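Here the protein sequences come in this chain order: A and B.
Residue 39 is where the first sequence starts when you use our numbering, and the numbers rise one by one after that.
Residue 88 is where the second sequence starts when you use our numbering, and the numbers rise one by one after that.
For each residue, glycine too, the CB sits at the ideal point set by N, CA and C.
Remember, predicted model here, so these are calculated numbers, not experimental data.
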Amino acid sequence: NAGVMQNPRHLVRRRGQEARLRCSPMKGHSHVYWYRQLPEEGLKFMVYLQKENIIDESGMPKERFSAEFPKEGPSILRIQQVVRGDSAAYFCASSSKTGVYEQYFGPGTRLTVT
Amino acid sequence: KQEVTQIPAALSVPEGENLVLNCSFTDSAIYNLQWFRQDPGKGLTSLLLIQSSQREQTSGRLNASLDKSSGRSTLYIAASQPGDSATYLCAVRRDAGNMLTFGGGTRLMVKP
Numbered sequence: 039n040a041g042v043m044q045n046p047r048h049l050v051r052r053r054g055q056e057a058r059l060r061c062s063p064m065k066g067h068s069h070v071y072w073y074r075q076l077p078e079e080g081l082k083f084m085v086y087l088q089k090e091n092i093i094d095e096s097g098m099p100k101e102r103f104s105a106e107f108p109k110e111g112p113s114i115l116r117i118q119q120v121v122r123g124d125s126a127a128y129f130c131a132s133s134s135k136t137g138v139y140e141q142y143f144g145p146g147t148r149l150t151v152t
Numbered sequence: 088k089q090e091v092t093q094i095p096a097a098l099s100v101p102e103g104e105n106l107v108l109n110c111s112f113t114d115s116a117i118y119n120l121q122w123f124r125q126d127p128g129k130g131l132t133s134l135l136l137i138q139s140s141q142r143e144q145t146s147g148r149l150n151a152s153l154d155k156s157s158g159r160s161t162l163y164i165a166a167s168q169p170g171d172s173a174t175y176l177c178a179v180r181r182d183a184g185n186m187l188t189f190g191g192g193t194r195l196m197v198k199p
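In structure tokens:
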């Protein structure tokens, strides 16, 4: 059973460009969470999605950030017009919809904005 | 608003020592608590998950305890090894399916 997959692992963007980060949850998992880890800071929740629904986006900046989890395909975190402050590691986690909702994390995408 | 604190922020011990990492949270109304390990530049590996109704969980040399009423959890590592060197994170969940709130982590170095 493959774990949570994220790609790309490393992404370099110039200021003003768009960044698209992809996350494929573990097989059988229908809940996806995105977290951000800024340099020298802890992990902070951004958004929680189920298939075709955003359940909680309370941690996501109101401007430039969006997320989706379509019926088919991976979850996408999209950052428009990136700025240097967006440089961080972005982690995706998934859990099943039953049981203890243990979250399994992907390896992360390290975004560098130049 | 839930706040999670981990003490100490960094710890350096000689190989073979038993050690305790501490985690405290301000809101005791939690669903469960997870301990993770993060190696530099890598993702998170789940170590132990304790449901709110449980007092402890064990896996190999690791033992995690939970005192929900006082808002505390500890991770006990027995007979530490250099391979245990990593950052250890605790995180709490308020409700089933809810997001995790993380502590700042404890950076552990085990010296040979």
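Between V91(B) and the set L98(B), S146(B) and G190(B), the nearest pair of CA atoms involves G190(B). In the structure shown, P127(B) falls within a coil segment according to DSSP collapsed to helix, strand and coil. The C-alpha of V85(A) lies about 16 Å from the C-alpha of Y139(A). In this structure, the alpha-carbon of M43(A) lies about 10 Å from that of S113(A).
Closest in alpha carbon position to F107(A), among H48(A), L59(A) and V50(A), is L59(A). Leaving aside the five residues that flank A173(B) on each side, the residues in its chain whose CB is nearer than 7 Å to its CB run, in chain order, R124, Q125, D126 and L195.
For L149(B) against I164(B), the beta-carbon gap comes to about 6 Å, under 8 Å, which counts as contact. Chain A has a Cβ within less than 7 Å of the Cβ of G191(B).
Secondary structure within the region 74-113 of chain A: the beta strand (DSSP E) runs of 3 or more consecutive residues, fully enclosed, are 81-88, 91-94 and 103-106 (chain order). Contact between F103(A) and I117(A) holds: their C-beta atoms lie close to 6 Å from each other, under 8 Å.
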